[in-house]
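Q: Supplied in C-alpha cells, the structure appears directly below.
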Amino acid sequence: MITLEQVKNHPDVKVYIKRANDFLGVIGYTEHGERHGNYVARNARNILQELGYDANICELAAIAGYIHDIGNVVSRHSHQEHSAHLAGQFLQELNMPAEDRVLIMSAVGNHDEGTCDIVSPVAAALIIADKSDVHRSRVRSTKEITFDIHDRVNYAVTKSGLQIDVPKRTITLNLDIDKEISDMVEYFEIFTTRMVACRRAAKLLGCTFDVKVNGSP
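According to the UniProt record's numbering, the sequence shown is numbered sequentially starting from 1.
This is the structure we're talking about:
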C-alpha cells in the first residue's frame, strides 16, 4: 500500500504544491499550499475512518486530499482535471496499483463544486474535507479583508472543524464566526454551492450534512 508519507516525500510533489500555491497568491486566491493539503488529507481520512471504511480506502482519501490542488501549477481554470492527470503520473511513478490510482484520480478530478460528480467514498470524503476548510489562517494578507469578500469571510472564521456522529449518521461543520468582520449572508453568498456539494457527498456516505455557526444550526 502506498502511503501519504511516500507521496509527500516525492520531490516533484513538494515543488508542484509550493509553486501552485505561489501562482494562486499572485492572482489573489487564499492559501492552497501544504497547510490546506494537510488539512484536507487529515479530515478526508478521518471521515472514512469514523464511518468504518478499511485502512486502504482511508489512506487513498488522505492522498487525494493532499494532492487535489496540484493542477493549479498549470492553471486555475480546469485545475481539477490538471490535478487528476498529474496525480496519476506521480502515483504511477510510486508504483501504486492501477485500481487505487484511478480511485484517487476520479476523486481529484471531481472535487470542484461547480462540476463535481460524487463517484466514490474517496471522492465524497475529499469534497467534504476540502469545502470545510474555511479559516482565517487561509488569508494571505489582512490588509485587504475589508475589500475582498473571500478574504473577509475566511478571516471572520476564528475556528472551524468537522464532527462525525456515527450513530446519527451526521457530518457537521462547526464554525465560530466573528460577525463584526463578516456575517452569514456573506458566507452563503460565496459558499452555497460548496455546502450543496457537501450535502451530496454526505448522502453517498449514508449521512446528512449540517452546518453550525457559533453553536447554532
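Backbone N, C-alpha and C define an ideal beta-carbon position, used for all residues, glycine too.
According to DSSP, simplified to helix, strand and coil, what is Leu-173?
A: strand
Q: If you run the structure through DSSP and keep just helix, strand and coil, what is Leu-126?
A: helix
Q: Looking only at C-alpha atoms, which of His-79, Glu-99, Gln-89, Gly-25 sits nearest to Met-1?
A: Glu-99
Q: Suppose contacts are defined by Cβ-Cβ distances below 8 Å. Is Val-134 in contact with Ser-106 by that definition?
A: no
Q: Please name the residue in Val-108, Leu-94, Ser-141 whose C-alpha comes closest to that of Ala-44.
A: In this structure, Val-108 is the residue among Val-108, Leu-94, Ser-141 with its C-alpha nearest to the C-alpha of Ala-44.
Q: What residue ranges within the stretch 181-209 form continuous alpha helix (DSSP H) runs of no fewer than 4 residues, ordered along the chain?
A: 184-204
Q: Is it buried or exposed, Ile-149, if we count other Cβ atoms within 10 angstroms and call 16 or more buried?
A: exposed
Q: If you measure between the beta carbons of Asn-110 and Thr-30, is that distance less than 8 Å?
A: no
Q: Return the Cβ separation of Leu-60 and Gln-6 in integer angstroms, given the expectation that the two are a contact with Cβ distance under 8 Å.
A: Not quite, the Cβ-Cβ distance comes to about 13 Å (not below 8 Å), so this is no contact.
Q: With three or more beta-carbon pairs closer than 8 Å as the criterion, would you say the stretch 63-71 touches the stretch 135-142?
A: no
Q: Apart from the five residues on each side of it in sequence, which residues of its chain come closer than 6 Å, Cβ to Cβ, to Thr-193?
A: Excluding residues within five positions, the ones whose Cβ falls inside 6 Å are Glu-113.
Q: Compare the Cα-Cα distances from Lys-179 to each of Arg-152, Asp-22, Ile-63, His-10 and report the closest residue.
A: Residue Arg-152 is the option with its Cα nearest to Lys-179.
Q: State the Cα-Cα distance for the pair Cys-58 and Val-213, rounded to the nearest angstrom.
A: 28 Å
Q: State buried or exposed for His-77, treating a residue as buried only when at least 16 other CB atoms are found within 10 Å of its CB.
A: exposed
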